[in-house]
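Throughout, the numbering used here is defined as the position within the sequence shown, counted from one, plus 665.
Data block below; observations after.
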Amino acid sequence: MRSKHCQMCQHCVRRYDHHCPWIENCVGERNHRWFVLYLAVQLLVLLWGLHVSWTGFSFAPGWSPWLRSNGVLLTVLVLLVLLALIVLLLLGSHLYLISMNTTTWEFMSRHRISYLKHCGADENPFDRGAFQNLWGFFCMWGTVVWEQVYFREDSDQV
């Protein structure tokens, strides 16, 4: 349960999240937390680059001389802002999905997944609450038997 065959890399992945073109690999149960750490480190490096580029601006008496001396740095700053915004949104969306204990694939293709078709739009059979979902994702190592979570005793799932 929750595994999927990736068409891009031709592998079956446990708790498949997505195929990432940035790392040229699938993100799943064994490397998802490392992918989130990668995004966090990437965001920190981009923020550090923003700080360095911001402090590199020099003073000039008018717009034209200022733009001539700082034009390249301004271009780099704008590019870093755009990249940092993209990584921040990507990291935020992954943390949101992790807090709900759902994957990108389940979130995007919910209507096509057999074990989620009977659930309502806001219902997730794997959700154990935000704190337990985050704790399980970041602090618990090893594989999970998703069938046991899906068919837990207090669940009404069939």
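Note that CB positions come from ideal geometry on N, CA and C, so glycine has one too.
Endpoints, beta strand (DSSP E) assigned at residue i
| i | result |
| --- | --- |
| ASN690 | 690-692 |
| HIS683 | 683-685 |
Residues that residue i bridges to, as DSSP identifies them
| i | result |
| --- | --- |
| VAL678 | LYS669 |
Residue i versus residue j - alpha carbon distance
| i | j | result |
| --- | --- | --- |
| VAL710 | PRO790 | 37 Å |
| PRO730 | VAL717 | 21 Å |
| TRP770 | TYR681 | 7 Å |
| PHE802 | HIS759 | 12 Å |
| MET666 | GLU694 | 12 Å |
| ARG777 | CYS784 | 12 Å |
| THR768 | LEU742 | 33 Å |
| TYR853 | LEU753 | For residue 853 there is no data in the structure shown, the boundaries of the chain being 666 and 823. |
| LEU747 | LEU715 | 11 Å |
| GLU689 | TRP800 | 28 Å |
| HIS670 | TRP687 | 19 Å |
| GLY727 | THR740 | 18 Å |
| GLY736 | LEU750 | 21 Å |
| SER779 | VAL706 | 36 Å |
| ARG698 | LEU732 | 42 Å |
| SER668 | ARG793 | 19 Å |
DSSP-derived helix/strand/coil call for residue i
| i | result |
| --- | --- |
| HIS615 | The question about residue 615 has no answer here: the residues shown for the chain are numbered 666 through 823. |
| ILE751 | helix |
| PRO726 | coil |
| PHE772 | helix |
| ASN735 | helix |
| TRP767 | According to the sequence as given, residue 767 is Thr; it is not Trp. Three-state DSSP puts THR767 in coil, outside helix and strand. |
Endpoints, the alpha helix (DSSP H) within which residue i is located
| i | result |
| --- | --- |
| ASN798 | 795-804 |
| SER718 | 697-720 |
Beta-carbon separation (whole angstroms), residue i vs residue j, contact threshold 8 Å
| i | j | result |
| --- | --- | --- |
| HIS684 | CYS674 | 7 Å |
| LEU708 | LEU756 | 6 Å |
| ASN798 | MET773 | About 19 Å; that fails the 8 Å criterion. |
| GLU721 | LEU738 | Reading off the sequence shown, one finds Gly at residue 721, where the question assumed Glu. The Cβ separation is near 5 Å, so the contact holds. |
The ligand FAD heavy atom lying under 7 Å from the CB of residue i
| i | result |
| --- | --- |
| LEU781 | In the structure on display, the ligand FAD does not appear, and there are no ligands present to speak of. |
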